[in-house]
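What follows is a single structure, written as C-alpha coordinates, with notes after it.
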Amino acid sequence: MLGYVVGQGRGDADRCLVKVSEMLREAGVTMAGAVQFNIETDPAYKCQMDLHILTGADVVRISQDLGTLSQGCRLDPEGLERAVGLVASALEADPQVMILNKFGKQELDGRGFRPVIGEALGRGIPVLTAVAPGNVKGFRAFADDFGQELPAEPETVMDWVRTQIDG
1093 MLGYVVGQGR
1103 GDADRCLVKV
1113 SEMLREAGVT
1123 MAGAVQFNIE
1133 TDPAYKCQMD
1143 LHILTGADVV
1153 RISQDLGTLS
1163 QGCRLDPEGL
1173 ERAVGLVASA
1183 LEADPQVMIL
1193 NKFGKQELDG
1203 RGFRPVIGEA
1213 LGRGIPVLTA
1223 VAPGNVKGFR
1233 AFADDFGQEL
1243 PAEPETVMDW
1253 VRTQIDG
(Lines of atoms letter the chains of each structure in order from A and count residues from 1; the text may use other names and numbers.)
(Lines give C-alpha, C1' and ligand atoms only; values in the text may rest on other atoms or scores of the structure.)
Protein backbone atom coordinates (compact mmCIF):
# COMPACT_ATOMS: atom_id res chain seq x y z
CA MET A 1 0.00 0.00 0.00
CA LEU A 2 3.04 2.27 -0.04
CA GLY A 3 4.63 2.64 -3.47
CA TYR A 4 7.57 4.84 -4.30
CA VAL A 5 9.56 5.86 -7.33
CA VAL A 6 13.22 6.82 -7.34
CA GLY A 7 14.02 9.22 -10.14
CA GLN A 8 17.50 8.96 -11.55
CA GLY A 9 17.58 12.35 -13.29
CA ARG A 10 16.57 15.81 -12.14
CA GLY A 11 12.77 16.01 -12.13
CA ASP A 12 12.19 12.43 -13.36
CA ALA A 13 10.12 11.41 -10.36
CA ASP A 14 8.18 14.69 -10.38
CA ARG A 15 7.23 14.25 -14.03
CA CYS A 16 6.23 10.64 -13.43
CA LEU A 17 3.92 11.50 -10.52
CA VAL A 18 2.38 14.41 -12.43
CA LYS A 19 1.65 12.13 -15.40
CA VAL A 20 0.19 9.44 -13.13
CA SER A 21 -2.06 12.02 -11.41
CA GLU A 22 -3.29 13.20 -14.83
CA MET A 23 -4.00 9.62 -15.91
CA LEU A 24 -5.84 8.88 -12.66
CA ARG A 25 -7.94 12.04 -12.98
CA GLU A 26 -8.90 11.04 -16.54
CA ALA A 27 -9.87 7.57 -15.22
CA GLY A 28 -12.14 9.13 -12.58
CA VAL A 29 -10.04 8.03 -9.60
CA THR A 30 -10.41 10.26 -6.54
CA MET A 31 -7.11 11.46 -5.16
CA ALA A 32 -5.62 13.42 -2.33
CA GLY A 33 -2.08 14.73 -2.28
CA ALA A 34 0.25 17.07 -4.05
CA VAL A 35 2.50 16.93 -7.10
CA GLN A 36 5.50 19.15 -7.67
CA PHE A 37 6.17 21.48 -10.56
CA ASN A 38 9.59 23.10 -10.79
CA ILE A 39 9.66 26.50 -12.43
CA GLU A 40 12.96 27.30 -14.07
CA THR A 41 13.99 30.93 -13.82
CA ASP A 42 17.25 32.76 -14.41
CA PRO A 43 20.12 30.23 -14.81
CA ALA A 44 21.91 31.93 -11.92
CA TYR A 45 19.10 30.89 -9.56
CA LYS A 46 17.72 27.54 -8.56
CA CYS A 47 14.23 26.63 -9.71
CA GLN A 48 11.11 27.55 -7.78
CA MET A 49 9.18 24.60 -6.38
CA ASP A 50 5.39 24.63 -6.37
CA LEU A 51 3.06 21.96 -5.05
CA HIS A 52 -0.24 21.56 -6.88
CA ILE A 53 -2.80 20.21 -4.45
CA LEU A 54 -4.75 17.43 -6.15
CA THR A 55 -8.13 18.16 -4.56
CA GLY A 56 -8.56 21.66 -5.93
CA ALA A 57 -6.85 24.60 -7.53
CA ASP A 58 -4.46 25.42 -4.68
CA VAL A 59 -0.80 25.91 -5.58
CA VAL A 60 1.65 26.28 -2.72
CA ARG A 61 5.21 27.53 -3.20
CA ILE A 62 7.53 25.46 -1.02
CA SER A 63 10.82 27.07 -1.99
CA GLN A 64 12.33 30.34 -0.92
CA ASP A 65 14.91 32.44 -2.72
CA LEU A 66 18.05 32.54 -0.61
CA GLY A 67 20.23 34.19 -3.27
CA THR A 68 22.68 32.87 -5.83
CA LEU A 69 25.51 32.10 -3.41
CA SER A 70 23.40 30.33 -0.81
CA GLN A 71 24.26 26.76 0.06
CA GLY A 72 21.45 26.29 2.60
CA CYS A 73 18.18 24.43 2.27
CA ARG A 74 15.70 26.48 0.26
CA LEU A 75 12.63 24.64 1.48
CA ASP A 76 10.07 27.05 2.91
CA PRO A 77 8.80 25.15 5.98
CA GLU A 78 5.69 27.34 6.25
CA GLY A 79 4.76 26.59 2.64
CA LEU A 80 5.28 22.88 3.20
CA GLU A 81 3.14 22.88 6.34
CA ARG A 82 0.37 24.73 4.49
CA ALA A 83 0.45 22.05 1.79
CA VAL A 84 0.45 19.31 4.45
CA GLY A 85 -2.65 20.86 6.05
CA LEU A 86 -4.49 21.00 2.73
CA VAL A 87 -3.63 17.39 1.93
CA ALA A 88 -4.49 16.17 5.44
CA SER A 89 -7.93 17.77 5.27
CA ALA A 90 -8.56 16.02 1.93
CA LEU A 91 -8.43 12.65 3.71
CA GLU A 92 -11.90 13.39 5.07
CA ALA A 93 -13.28 12.88 1.54
CA ASP A 94 -11.98 9.26 1.60
CA PRO A 95 -9.91 9.34 -1.62
CA GLN A 96 -9.01 6.14 -3.44
CA VAL A 97 -5.29 6.99 -3.49
CA MET A 98 -2.87 9.58 -2.13
CA ILE A 99 0.03 10.91 -4.18
CA LEU A 100 2.77 12.88 -2.43
CA ASN A 101 5.51 14.65 -4.30
CA LYS A 102 8.35 13.51 -2.09
CA PHE A 103 9.45 11.69 1.00
CA GLY A 104 12.37 13.99 1.74
CA LYS A 105 14.47 15.28 4.61
CA GLN A 106 11.50 16.71 6.48
CA GLU A 107 9.75 13.35 6.37
CA LEU A 108 12.92 11.52 7.40
CA ASP A 109 12.91 13.74 10.49
CA GLY A 110 9.27 12.88 11.28
CA ARG A 111 7.80 16.12 9.90
CA GLY A 112 6.27 17.22 6.60
CA PHE A 113 3.96 14.66 5.02
CA ARG A 114 5.08 11.78 7.26
CA PRO A 115 2.10 11.93 9.67
CA VAL A 116 -0.30 12.21 6.71
CA ILE A 117 1.22 9.09 5.15
CA GLY A 118 0.61 7.20 8.38
CA GLU A 119 -2.97 8.45 8.59
CA ALA A 120 -3.73 7.53 4.97
CA LEU A 121 -2.30 4.03 5.37
CA GLY A 122 -4.22 3.61 8.62
CA ARG A 123 -7.42 4.41 6.72
CA GLY A 124 -6.56 1.86 4.03
CA ILE A 125 -5.68 4.50 1.41
CA PRO A 126 -2.73 3.51 -0.79
CA VAL A 127 0.08 6.08 -0.92
CA LEU A 128 2.40 6.80 -3.83
CA THR A 129 5.44 9.02 -3.38
CA ALA A 130 8.93 9.76 -4.71
CA VAL A 131 12.20 9.29 -2.87
CA ALA A 132 15.54 10.83 -3.82
CA PRO A 133 18.36 8.29 -4.22
CA GLY A 134 20.12 9.66 -1.14
CA ASN A 135 17.00 9.17 1.03
CA VAL A 136 16.10 5.61 0.00
CA LYS A 137 17.82 3.97 2.99
CA GLY A 138 15.96 6.21 5.46
CA PHE A 139 12.68 5.70 3.62
CA ARG A 140 13.08 1.93 3.72
CA ALA A 141 13.67 2.12 7.47
CA PHE A 142 10.41 4.08 7.78
CA ALA A 143 8.41 1.89 5.38
CA ASP A 144 9.75 -1.43 6.69
CA ASP A 145 8.21 -4.18 4.57
CA PHE A 146 5.32 -1.99 3.36
CA GLY A 147 7.25 0.00 0.74
CA GLN A 148 7.35 -1.18 -2.84
CA GLU A 149 9.81 0.43 -5.23
CA LEU A 150 8.39 1.15 -8.66
CA PRO A 151 10.18 2.28 -11.81
CA ALA A 152 9.58 5.93 -12.71
CA GLU A 153 7.41 4.82 -15.63
CA PRO A 154 3.83 6.16 -15.56
CA GLU A 155 2.21 3.07 -17.10
CA THR A 156 3.87 0.72 -14.61
CA VAL A 157 2.95 2.99 -11.70
CA MET A 158 -0.64 3.14 -12.99
CA ASP A 159 -0.77 -0.67 -12.96
CA TRP A 160 0.38 -0.63 -9.32
CA VAL A 161 -2.27 1.97 -8.38
CA ARG A 162 -5.02 -0.03 -10.12
CA THR A 163 -3.94 -3.16 -8.21
CA GLN A 164 -4.06 -1.26 -4.92
CA ILE A 165 -7.48 0.24 -5.62
CA ASP A 166 -9.07 -2.94 -6.96
CA GLY A 167 -7.64 -5.01 -4.12
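In the working numbering, the protein residues as written are 1093 to 1259.
Virtual Cβ for every residue (Gly too), placed ideally from N, Cα, C.
Beta-carbon to beta-carbon, Ala1222 and Lys1194 are separated by about 5 Å, close enough to satisfy the 8 Å threshold.
Contact check for Val1127 against Ile1209 fails: the beta carbons are separated by 9 Å or more. Judged by beta-carbon spacing, Glu1247 lies beyond the 9 Å limit of Val1098, meaning their Cβ atoms are not closer than that value.
DSSP places Thr1221 in no alpha helix (DSSP H) but in the uninterrupted beta strand (DSSP E) bounded by Val1219 to Ala1222.
In the assembly as shown, Gln1100 is an exposed residue. Its beta-carbon has fewer than 16 other beta-carbons within 10 Å.
Taking all protein chains in view, the Cβ of Phe1231 is crowded by 16 or more other Cβ atoms within 10 Å, so the residue is classified as buried. Asp1106 counts as buried, since at least 16 other C-beta atoms from the protein chains shown sit within 10 angstroms of its C-beta. Annotation: Leu1200 to Asp1150 spans about 25 Å, alpha carbon to alpha carbon. The beta carbon of Met1250 sits closer than 8 Å to the beta carbons of Val1112, Met1115 and Leu1116 from its chain, once the five residues preceding and following it are set aside; these are given in chain order. Using a Cβ distance threshold of 9 Å, Gly1171 and Ser1155 count as a contacting pair. The Cβ neighbour count for Pro1169, taken over all protein chains shown within 10 Å, is under 16; the residue is labelled exposed. Boundaries around Leu1172 are those of the alpha helix (DSSP H), Pro1169 to Ala1182, since no beta strand (DSSP E) includes it.
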